[in-house]
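Numbering (the numbering used here) for the sequence shown: 516 to 1031.
Reading through the structure tokens given below for one structure.
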Amino acid sequence: MVAGRVFSDANFKLLIYVFLSGVLCFLRLKNTMKLCSIIFLLGMTQAACFCNDSWQELLGSAAPAQVLVFSTDSNPPESYYFIQERQHEAAIVYQYVGNKVLGSFRTTLKREDKTGEEAALIGWTHFRLSDGKWVSLQLHRRVSDGKVMLIPRTGAWLLTDSFVSRMDKEAPILLEAVPVVKKEASGSSEEIRYGSFEIEGKEIAAKGEFEQVFDTWPEERRDLGDYKEFPTDGFDINKETLRVFVPESYKTGEAHGMLIFISAGDGLYQFSPEWKSVFEEKKIIWATAKDIGNKKPSGRRFRLAREARNYLGRHYRIDPQRVYLSGFSGGGRMSAGMIAKFPGSFTGTIHFCGVSALARAIPHYSKANVEIYGWPPEGNALNTAKRLNHFALITGPEDSNYEDTKNVFGWMEKNRIPACLIEVPGLAHQVPREPGPIREAIEFLDQPRKAVKSESDTSEENAPWSRDLEQLSRLAATQPVKARALAVQLWDRHAKIHNDASFLQLLERLEQWPSP
516 MVAGRVFSDA NFKLLIYVFL SGVLCFLRLK NTMKLCSIIF LLGMTQAACF CNDSWQELLG
576 SAAPAQVLVF STDSNPPESY YFIQERQHEA AIVYQYVGNK VLGSFRTTLK REDKTGEEAA
636 LIGWTHFRLS DGKWVSLQLH RRVSDGKVML IPRTGAWLLT DSFVSRMDKE APILLEAVPV
696 VKKEASGSSE EIRYGSFEIE GKEIAAKGEF EQVFDTWPEE RRDLGDYKEF PTDGFDINKE
756 TLRVFVPESY KTGEAHGMLI FISAGDGLYQ FSPEWKSVFE EKKIIWATAK DIGNKKPSGR
816 RFRLAREARN YLGRHYRIDP QRVYLSGFSG GGRMSAGMIA KFPGSFTGTI HFCGVSALAR
876 AIPHYSKANV EIYGWPPEGN ALNTAKRLNH FALITGPEDS NYEDTKNVFG WMEKNRIPAC
936 LIEVPGLAHQ VPREPGPIRE AIEFLDQPRK AVKSESDTSE ENAPWSRDLE QLSRLAATQP
996 VKARALAVQL WDRHAKIHND ASFLQLLERL EQWPSP
């Protein structure tokens, strides 16, 4: 609690408005109404003061907040990442800068006592104060009613439905709870299940999460023209089934990776028993859905892959850097489509005997001489894949997609996409039962993400943006706001500038937090 009352600009303006309104009403009304107006004025003034006191109590500081950041990282951001893709790299889901938004956010908070209800940790809220210090608070979502709340050391602060709705449109991945850490309530009768088991119906999705898949992705990740190509074929989560495998290693409490599998056939796929030792060793939780084969609509396959991902995220401690997707044959191509259409939804993919390039303009040919096109990437999906994703391609000389898979691997190498080709001797068009290939693939996906090397033609002298860099450098010294706007334009206009050393130096300069 902060001693005394420290008024922010927003509260000061509110008090002025309330006072002036009260004076005008007082001069125009009769005696009885004057008394009522005085009581109303005192009440509004006290409410404004109470709101300010509560806000300062929440921050634990007299310094006003200047920046609001929603993140999946418990640590506040080290820099001001004004380019959205770089926000994702820093585990930032969304950030607000400015008193107007902060004032709006503050008015949405509602103080309430802790109820002891089960809640899931879906992320963190970081406030940067005017003195340069940070206040970080856990962001939870109640299981019973889906309400979102901030949890400081004492009490709880509920976010109104209007602000949560705004977040759901602007930062839905945070509210989807990926990653999450399940909060184990003391005395809870629920036990973690291990080994293979099935999940059916309503248990798959949390309450209030029955919306259609394409309504929840951010605008920059959408391709509205392709929505109609992905019907969900009367999708009903209440009728779906997941098969899950949780290794005994999860008992250690250590965060695990996840591997979601898309089958090429219907029914409920069961992985090879020889893989269990790999999942135990590599700490991987595995899941797949029923009726997700090649004959089903793409939208259904996308949706169920996401539902399986979210189910594991809500119920287990998941390492956000190890959220993997896999598939066999047409399921492997769907895995590439997931990365192309929804960049950032997974951090790596394993393709068994089937993969597609993230480009429609590049056809591939199977042994049957069937022309197969890749997935057109969504926005900057290709650049996102280069920085965030690893691709493991598994095939063999008897695989009908052998030559096609090697062609796609060559395309990935040419486009500097982190990928490895695992050739299994004698493998036909099937998922290998032996544990070696899946172990090698997971080890490749687990490798640290490396910065993409610049091509020789990206030097400042030869780059087509060299003059823009000169202008950006001048603006950065005197007009940082205009410089950031220009930097965003250059980032969107030139994919190769993302690796330009001079541009990155200017970005780091523009991303520095202002001194208090």
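Glycine included, C-beta positions come from ideal geometry on N, C-alpha and C.
Checklist entry - In the structure shown, what three-state DSSP assignment does P592 receive? => result In the sequence shown, residue 592 corresponds to position 77, counting from 1. In the structure shown, the three-state DSSP call for P592 is coil.
Item to check | According to DSSP, residues forming a beta bridge with H641 | outcome: In the sequence shown, the residue the question calls residue 641 occupies position 126. Bridge partners of H641: V584 and S651.
Item to check | K625 versus G782, I957 and L665, residue with shortest Cα-Cα distance | outcome: Along the sequence shown, one-based indexing puts residue 625 at 110. Measuring from the Cα of K625, the nearest candidate turns out to be L665.
Checklist entry - Near D588, what residues of its chain come up, given a Cβ to Cβ distance below 8 Å and the 5 sequence neighbours on each side ignored? => result Within the sequence shown, residue 588 is the residue found at index 73, counting from 1. If we look at D588 and ignore the five residues flanking it on each side, its Cβ neighbours are A605, A606, I607 and W639.
Checklist entry - Is the stretch 828 to 835 close to the stretch 766 to 774, with three or more CB pairs under 8 Å? => result Contact between the stretch 828 to 835 and the stretch 766 to 774 is present, with at least three C-beta pairs closer than 8 Å.
Checklist entry - Can you give the beta carbon distance from G846 to I777, rounded, assuming they're within the 8 Å contact cut? => result In the sequence shown, residue 846 corresponds to position 331, counting from 1. In the sequence shown, residue 777 corresponds to position 262, counting from 1. The C-beta distance from G846 to I777 rounds to 4 Å, short enough to fall under 8 Å.
Next on the checklist: Contact between the stretch 785 to 794 and the stretch 834 to 844 is defined here as three or more beta-carbon pairs at a separation below 8 Å; is this criterion met?
Outcome noted: No contact exists between the stretch 785 to 794 and the stretch 834 to 844.
Checklist entry - Under the three-state reduction of DSSP, which class applies to Q1004: helix, strand or coil? => result Translated into positions along the sequence shown, residue 1004 becomes position 489. For Q1004, the three-state secondary structure derived from DSSP is helix.
Item to check | Opposing strand residues paired with Y609 [DSSP bridges] | outcome: One-based indexing of the sequence shown puts residue 609 at position 94. Partner residues in the beta bridge of Y609, as assigned by DSSP, are F585.
Checklist entry - Taking the alpha carbon of S1030 as the point to measure from, which residue in W570, G613 and G647 has its own alpha carbon closest? => result The residue you call residue 1030 lines up with position 515 of the sequence shown. Comparing Cα positions, the closest option is G647.
Checklist entry - Taking the DSSP output, what are the residues bridged to V663? => result As a first step, residue 663 must be located in the sequence shown, where it is residue number 148. In the DSSP assignment, V663 forms a beta bridge with R656.
Checklist entry - Nearest to D579 by CA position, among H641, Y595, F620 and S645, is which residue? => result Stepping through the sequence shown from its first residue, residue 579 is reached at position 64. Correcting the residue type first, residue 579 is Pro in the shown sequence and not Asp. Out of H641, Y595, F620 and S645, S645 has the C-alpha closest to the C-alpha of P579.
Item to check | Strand pairing of Y839, partner residues [DSSP] | outcome: The count along the sequence shown starts at 1 and reaches residue 839 at position 324. According to DSSP, which records beta bridges pairwise, Y839 is partnered with L774 and G863.
Checklist entry - Which partner residues does K921 have in the DSSP bridge list? => result Taking the first residue of the sequence shown as position 1, residue 921 is located at position 406. Paired residue(s): none; K921 is not in a bridge.
Next on the checklist: Quick check on H1013: does DSSP put it in helix, strand or coil?
Outcome noted: Your numbering for residue 1013 matches position 498 in the sequence shown. Three-state result, H1013: helix.
Next on the checklist: On the criterion of 16 or more Cβ atoms from any shown chain inside 10 Å, does K766 qualify as buried, or is it exposed?
Outcome noted: Locating residue 766 in the sequence shown gives position 251, where the first residue counts as 1. Exposed, by the Cβ-count rule.
Item to check | Continuous alpha helix (DSSP H) stretch holding L673: start and end | outcome: In the sequence shown, counting from the first residue as 1, residue 673 sits at position 158. Premise fails: L673 lies in the beta strand (DSSP E), A671 to L674, not in any alpha helix (DSSP H).
Item to check | Simplified DSSP assignment, three categories, for G846 | outcome: By 1-based counting over the sequence shown, the position of residue 846 is 331. G846 falls in the helix class under three-state DSSP.
Next on the checklist: How far does the alpha helix (DSSP H) with F959 in it extend, from its first residue to its last?
Outcome noted: Along the sequence shown, one-based indexing puts residue 959 at 444. It spans G951 to L960 - the alpha helix (DSSP H) in which F959 sits, taken as one unbroken run.
Checklist entry - Hey, how far is the Cα of T756 from the Cα of Y595? => result Translated into the one-based positions of the sequence shown, residue 756 becomes position 241. Translated into the one-based positions of the sequence shown, residue 595 becomes position 80. Here the alpha carbons of Y595 and T756 stand approximately 43 Å from one another.
Next on the checklist: Within the continuous beta strand (DSSP E) that includes G869, where are the two ends?
Outcome noted: For the purposes of this step, residue 869 is identified with residue 354 of the sequence shown, where counting begins at 1. DSSP places G869 outside any beta strand (DSSP E), giving it a letter other than H or E.
Checklist entry - alpha helix (DSSP H) containing K797: first to last residue? => result As a working note, residue 797 is residue 282 in the sequence shown. Its alpha helix (DSSP H) spans residues K791 to K797.
Checklist entry - Is the stretch 937 to 951 close to the stretch 897 to 916, with three or more CB pairs under 8 Å? => result Three or more Cβ pairs drawn from the stretch 937 to 951 and the stretch 897 to 916 lie within less than 8 Å of each other, which places the two stretches in contact.
Checklist entry - Secondary structure at V996, three-state DSSP: helix, strand or coil? => result Within the sequence shown, numbered from 1, the residue matching residue 996 stands at position 481. DSSP, reduced to helix, strand and coil, places V996 within a helical segment of the structure shown.
Checklist entry - Applying the criterion that 16 or more other CB atoms from any shown protein chain within 10 Å of the CB defines a buried residue, is R1008 buried or exposed? => result Here residue 1008 is taken as the residue at index 493 of the sequence shown, counted from 1. Classified as exposed, R1008 has fewer than 16 neighbouring CB atoms from the shown chains inside 10 Å of its CB.
Next on the checklist: For Y611 and S576, I'd like the C-alpha separation in whole angstroms.
Outcome noted: Along the sequence shown, one-based indexing puts residue 611 at 96. Along the sequence shown, one-based indexing puts residue 576 at 61. Straight-line Cα distance between these residues: approximately 20 Å.
Item to check | Residues of its chain near F760, where Cβ-Cβ distance is below 6 Å and the 5 sequence neighbours each way are ignored | outcome: Position 245 of the sequence shown, counted from the start, is the residue given in the question as residue 760. So the list reads S711 and W801, once near-sequence residues are dropped.
Next on the checklist: Can you confirm whether F750, when its beta carbon is compared against all beta carbons of chain B, has any partner nearer than 8 Å?
Outcome noted: Absent here is chain B; the protein component of the structure consists of one chain.
Next on the checklist: I need the straight-line Cα distance from R758 to L783, nearest angstrom please.
Outcome noted: For this step, residue 758 is matched to residue 243 along the sequence shown. For this step, residue 783 is matched to residue 268 along the sequence shown. Our two residues, R758 and L783, have alpha carbons roughly 7 Å apart in a direct line.
Checklist entry - Expressed to the nearest angstrom, what Euclidean distance is found between the alpha-carbon atoms of M927 and A896? => result For the purposes of this step, residue 927 is taken as residue 412 along the sequence shown, with counting starting at 1. For the purposes of this step, residue 896 is taken as residue 381 along the sequence shown, with counting starting at 1. M927 and A896: Cα-Cα distance of roughly 14 Å.
Checklist entry - What's the gap between the Cα of G889 and the Cα of L674? => result Counted from its first residue, the sequence shown places residue 889 at position 374. Counted from its first residue, the sequence shown places residue 674 at position 159. The straight-line gap from Cα to Cα measures roughly 43 Å.
Checklist entry - Under a three-way DSSP split, which group does S787 fall into? => result By 1-based counting over the sequence shown, the position of residue 787 is 272. When DSSP states are grouped into helix, strand and coil, S787 belongs to the coil group.
Next on the checklist: Which of the three DSSP states is assigned to T803 in this structure?
Outcome noted: Mapped onto the sequence shown, residue 803 falls at position 288. It is a strand residue.
Item to check | Residues near V793 by beta carbon distance below 8 Å, same chain, minus five either side | outcome: As a working note, residue 793 is residue 278 in the sequence shown. Closer than 8 Å at the Cβ level, and outside the excluded window around V793, lie I799, P950, I953, R954 and I957.
Checklist entry - With distances taken from CA atoms, which of P933, A991, H655 and S841 is nearest N898? => result Position 383 of the sequence shown, counted from the first residue, corresponds to residue 898. The shortest CA-to-CA distance from N898 to any of P933, A991, H655 and S841 is the one to P933.
Checklist entry - So, are the CB atoms of I854 and F861 less than 8 Å apart? => result Counted from its first residue, the sequence shown places residue 854 at position 339. Counted from its first residue, the sequence shown places residue 861 at position 346. Cβ distance < 8 Å, so I854 and F861 count as in contact.
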